[in-house]
Amino acid sequence: MGHGGGAVTMPANDSDPVLITGAAPSYEEQFAARKRKYVIMMCCRIPCLIAAGLTYHVWWLALGFLAISVPLPWIAVLIANDRPPRKSEQVNRFQAEPTAIEHTAHRVIDG
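Mind the numbering: the sequence shown is residues 1 to 111 in this note's numbering, read in order.
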């Protein structure tokens, strides 16, 4: 008597949850992710500027570090203001098994 109903086919201790909605992440989650991307990109700019200052005697190296650091704020703003892409992941959704009547109908139609 401890088996329960037949609708649940996975054990209770399974770590993969079943997705019951196709809703996008909340605005707060999206904003936090965009802010994190912006901060990371801007933190990459600081070492480039410092490296350019430390390598001023090798002009081409200093110019390279400056060339990397100049477009970073523009790129960071573009990426931070872009909405997240839609996820194309396989989700665990319920799919009904065909019944015996449906199997018989397919055999009759197919020949």
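All C-beta atoms, glycine included, are put in the ideal place defined by N, C-alpha and C. Quantities reported herein were computed from a predicted structural model and do not represent experimental measurements.
- Query: With distances taken between CB atoms, is the gap from Ala-67 to Tyr-38 smaller than 8 Å?
  - Reply: Counted from its first residue, the sequence shown places residue 67 at position 67. Counted from its first residue, the sequence shown places residue 38 at position 38. Their beta carbons are not under 8 Å apart, which means Ala-67 does not touch Tyr-38 by this criterion.
- On a CA-only basis, which of Gly-64, Arg-36, Asp-82, Trp-60 is nearest Pro-47? Give me that one, please. Indexing the sequence shown from 1 puts residue 47 at position 47. Per the Cα distances, Gly-64.
- Task: Can you give me the start and stop residues for the alpha helix (DSSP H) that Tyr-38 sits inside?
- Result: To locate residue 38, count along the sequence shown from 1; it is residue 38. Where Tyr-38 is concerned, the enclosing alpha helix (DSSP H) stretches over 27-54.
- Proximal residues to Ala-62 (C-beta, below 7 Å), its chain only, five neighbours per side dropped: Within the sequence shown, numbered from 1, the residue matching residue 62 stands at position 62. Excluding sequence neighbours, Ala-62 sits near Ala-52, Thr-55, Tyr-56.
- Message: If the criterion is Cβ atoms closer than 8 Å, does the pair Leu-72 and Cys-44 meet it?
- Response: Reading the sequence shown from its first residue, position 72 is the one you call residue 72. Reading the sequence shown from its first residue, position 44 is the one you call residue 44. Yes, they are a contact pair.
- Task: Answer with buried or exposed for Ala-33, where buried requires no fewer than 16 other C-beta atoms within 10 angstroms of its C-beta.
- Result: The count along the sequence shown starts at 1 and reaches residue 33 at position 33. Flag for Ala-33 reads exposed.
- Message: Using a Cβ-Cβ cutoff of less than 6 Å, which residues in the same chain neighbour Ser-69 once the five nearest sequence positions on both sides are dropped?
- Response: One-based indexing of the sequence shown puts residue 69 at position 69. Cβ within range, chain order: Arg-45, Cys-48, Leu-49.
- alpha helix (DSSP H) containing Val-58: first to last residue? Position 58 of the sequence shown, counted from the first residue, corresponds to residue 58. From DSSP, Val-58 is part of no alpha helix (DSSP H); its letter is neither H nor E.
- Indicate the three-state DSSP secondary structure (helix, strand or coil) for Val-77 in the structure shown. Walking along the sequence shown from the start, residue 77 turns up at place 77. In this structure, Val-77 counts as helix in the three-state DSSP scheme.
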